[in-house]
Amino acid sequence: MKCSGNLRDAEYDRSGLALYVCADTFLLREIEVLRPELIVCMGSLASTWILKQTGLLNAKYKWLDLLLEELEWAIKGETQILERKIHGCGHKAKIVVLPHPSRRNPLAAVLNKKLKSLLKPFIDSLR
Numbered sequence: 118m119k120c121s122g123n124l125r126d127a128e129y130d131r132s133g134l135a136l137y138v139c140a141d142t143f144l145l146r147e148i149e150v151l152r153p154e155l156i157v158c159m160g161s162l163a164s165t166w167i168l169k170q171t172g173l174l175n176a177k178y179k180w181l182d183l184l185l186e187e188l189e190w191a192i193k194g195e196t197q198i199l200e201r202k203i204h205g206c207g208h209k210a211k212i213v214v215l216p217h218p219s220r221r222n223p224l225a226a227v228l229n230k231k232l233k234s235l236l237k238p239f240i241d242s243l244r
C-alpha cells in the first residue's frame, strides 16, 4: 500500500477517500499470485487493511493490539509469528505489523529495533 502522505495528518478528513481502493483491487490478487510466507505491514493503513482481510480486526481488536502482542513475544524471547488466513484470496501467511518508520514517529525506531528480534529467526530460516 502506498502511504497517503500529508493526508495522514489529523487535520485532514480522510473519511470520504477511497484509501484502500488499490489494495482492494490489486493487493489481494498479488498475494494470491505471489503466495508470500511473510507479510510485513508498516503503519496503521497497511496494518488495518491486512487485519481486515484476516478477520482479526474488530471493535475491540485494532492493529496496535497485534503490535503490542508482537512486542510482548519479542521481549519474552519467543519467536512465534502466527499464520493467518487472508480471506479475499484464501492464502495463509505470517503477518507482522510495525509502526510507520517515519521521522515524525521517533518511537517507531525503538519499537522496530525490538521487533527485529522477532523477525530474525524467520528471516534466517529463509536463507
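For the sequence shown, the working numbering begins at 118 and goes up steadily by one.
Even glycine gets a Cβ: it sits at the ideal position worked out from N, Cα and C.
According to the DSSP assignment, residue 212 belongs to the beta strand (DSSP E) that extends over 208-215. Residue burial annotation: residue 192 is exposed, with fewer than 16 other C-beta atoms found within 10 angstroms of its C-beta. As a beta-bridge residue in DSSP terms, residue 158 pairs with 214. Using a Cβ-Cβ distance cut-off of 8 angstroms, the segment 138-150 and the segment 219-234 are not in contact, since fewer than three pairs of beta carbons, one from each stretch, lie closer than that value. Straight-line spacing of the CA atoms in residue 206 and residue 171 works out to 10 angstroms. Inclusion of residue 214 and residue 187 in the CB contact set at 8 angstroms is warranted, their separation being smaller than that value. Put simply, of 184, 241, 176 and 154 the residue whose alpha carbon is nearest the alpha carbon of residue 202 is 154. A direct Cα-to-Cα measurement between residue 162 and residue 233 gives close to 21 angstroms. The residue among 209, 165, 178 and 217 with its C-alpha nearest the C-alpha of residue 151 is 209. Contact annotation: residue 195 and residue 211 have beta-carbon atoms that are not nearer than 8 angstroms.
As the crow flies, the alpha-carbon of residue 158 is around 19 angstroms from that of residue 243. Residue 165 and residue 173 do not touch by the CB rule: their CB atoms are close to 10 angstroms apart, not below 8 angstroms. Nearest C-alpha to residue 198 among 148, 156, 147 and 137: 156.
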